[in-house]
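Note that the protein sequences, when read in sequence, are chains A and B.
So the first sequence is residues 1 to 209, counted in the working numbering.
So the second sequence is residues 210 to 296, counted in the working numbering.
These notes concern the structure reproduced below.
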Amino acid sequence: MEISESSEAIRRKILDDAEKEAQRTIEKAKSNASEIMSASEERAKEIRETEIEERKKQIEETNRQRIAEARVDHHRRLQTLKAGLIEEVFDKVIERLRIRVGTPNYLDTLNSLIIDGGSTLGGGKLVIRLNETDKKKVSQKALKQLSQEIEKRTQTETKIVLDKNLVKTIGGVVVSTADQRASIDNTFETRLERIKEETQTELETLLFK
Amino acid sequence: MENGKRQAEKIVREAEEQAAALISETEAEIRKADQEMRQEADSATASQIDVLEEELTSNMKQMRSKASKKTDEAVSYIVDNVLKIEV
């Protein structure tokens with residue numbers, strides 16, 4: 001009876017111990033599980049915050065870029081329009097100059113351009129080149145008078161001769177020294193090109209401000 | 210005891226599965242938020258670009274109108290400069 005009781009006590013003790021051990025294992029597992037869950041919640045929170053913030057920044061940057069590109073494109077389109085409108089002015093200038101060469105006043109202008117070119121070169125032996133129409137308008141007498149005018153201004157004996165070669169221009173003249181070392185291009189086109197650069201700011205102010 | 214071990218393993222496995230599900234849920238949530246943010250930002254940007262486009266159209270119209278009023282003056286100014294000689 002005593003032996004039997006003792007073995008029963010031992011069996012119960014073993015079972016109790018096993019039960020306790022199992023319970024400890026389960027508790028430990030629960031604690032591990034809880035750690036896993038809280039770590040994953042933490043990770044999820046971190047992913048959510050950093051990832052969303054990061055993507056938000058990327059989206060904002062992309063859209064800032066799109067707006068900036070649109071602004072640059074608008075600026076470019078305005079500049080293109082400006083350039084086109086200025087070009088229209090110059091086209092009209094050419095038209096006006098073509099009309100001008102057909103008026104009686106043009107001969108005075110041409111003479112002034114010859115005197116200006118010749119005086120700038122300092123007088124002396126000069127050659128002038130004109131277009132076909134103008135060449136017919138300038139007489140030997142006129143050349144003599146122009147030479148005298150330049151001589152008066154430069155205090156240098158001057159003689160202008162007409163170049164047999166023509167210049168392709170609406171109007172105006174190319175004046176050169178006889179040795180061709182120096183020349184003044186007083187054709188309308190060249191003068192217009194110079195003026196284009198010189199008057200760009202004034203022209204923009206006049207047209208667009 | 211074996212039973213307790215199996216139960217413990219099951220608890221940990223389930224926790225791992227839940228954790229993986231949570232992460233995948235979070236990723237899906239981020240994708241959705243990303244899509245929404247993009248749509249919202251796209252729409253806001255498109256509106257801003259529309260406003261800019263309207264401004265540009267108006268500026269261009271104004272520019273053309275101003276220029277057309279001053280074209281003759283500008284042409285005369287340039288022609289005078291081409292013909293102007295200090296003689």
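Don't be surprised by glycine CBs; every beta carbon is placed ideally from N, CA and C.
Please decide whether residue i counts as near chain A, where near means a Cβ-Cβ distance under 8 Å.
i	result
A237/B	no
K270/B	no
K275/B	yes
K214/B	yes
K241/B	no
E263/B	no
E245/B	no
Which partner residues of residue i appear in the DSSP bridge assignment?
i	result
R129/A	V174/A
T187/A	G172/A
Consult DSSP for residue i and reduce its assignment to one of helix, strand or coil.
i	result
K159/A	strand
K92/A	helix
T103/A	coil
N165/A	coil
K293/B	coil
G117/A	helix
R212/A	Limits of chain A in this structure are 1 at one end and 209 at the other, which puts residue 212/A out of reach.
G213/B	helix
K209/A	coil
V138/A	coil
G84/A	helix
Near residue i, what residues of its chain come up, given a Cβ to Cβ distance below 6 Å and the 5 sequence neighbours on each side ignored?
i	result
K159/A	K125, S147
E149/A	I115
V89/A	none
D185/A	V174
K13/A	none
Compare the C-beta of residue i against all C-beta atoms of chain B and say whether one is closer than 8 Å.
i	result
D116/A	yes
S112/A	yes
T177/A	no
N165/A	no
R129/A	no
L174/A	The amino acid at residue 174/A is misidentified as Leu; the sequence shows Val. No - not a single Cβ of chain B is within 8 Å of the one on V174/A.
A216/A	There is no way to answer for residue 216/A, as the model of chain A reaches only from 1 to 209.
L85/A	yes
Q140/A	no
I36/A	yes
L126/A	no
V161/A	no
R98/A	no
R43/A	yes
V72/A	no
T120/A	no
Q23/A	yes
Less than 8 Å between C-beta atoms, sequence neighbours within five positions excluded: which residues of the same chain meet that for residue i?
i	result
R100/A	Y106, T109, G171
V260/B	none
A39/A	none
T187/A	V167, T169, I170, G171, G172, V173, V174
Can you give me the Cβ contacts of residue i inside the same chain, cut-off strictly under 7 Å, excluding the 5 residues immediately before and after it?
i	result
N111/A	L146
S119/A	I150, R153, T154
Between the segment 44-58 of chain A and the segment 241-248 of chain B, do at least 3 Cβ pairs fall closer than 8 Å? Taking a cut-off of 8 Å on C-beta distances, the segment 44-58 of chain A touches the segment 241-248 of chain B, as three or more cross pairs fall below it.
Taking contact to mean at least 3 C-beta pairs separated by less than 8 Å, is the segment 124-143 of chain A in contact with the segment 67-81 of chain A? Of all C-beta pairs linking the segment 124-143 of chain A to the segment 67-81 of chain A, fewer than three are shorter than 8 Å, placing the two stretches out of contact.
May I ask you to verify whether the segment 126-139 of chain A touches the segment 162-178 of chain A, counting CB pairs closer than 8 Å and requiring at least 3? Cβ pair count under 8 Å is three or more, so yes.
Report yes or no: do the segment 184-202 of chain A and the segment 3-12 of chain A share at least 3 C-beta pairs separated by less than 8 Å? Judged by Cβ distances under 8 Å, the segment 184-202 of chain A makes no contact with the segment 3-12 of chain A, as fewer than three pairs qualify.
Evaluate the contact criterion for the segment 198-209 of chain A versus the segment 13-27 of chain A: three or more CB pairs, one atom per stretch, below 8 Å. No: the two stretches stay apart, fewer than three of their Cβ pairs being nearer than 8 Å.
Given 8 Å as the limit, is there contact between the segment 154-169 of chain A and the segment 63-70 of chain A, that is, 3 or more CB pairs closer than that? With a cut-off of 8 Å, the segment 63-70 of chain A and the segment 154-169 of chain A do not count as touching, because too few Cβ pairs lie within range.
Would you check if the segment 216-227 of chain B and the segment 276-291 of chain B touch, i.e. whether three or more CB-CB distances between them fall below 8 Å? Here the segment 276-291 of chain B makes no contact with the segment 216-227 of chain B; the two share fewer than three CB pairs at distances below 8 Å.
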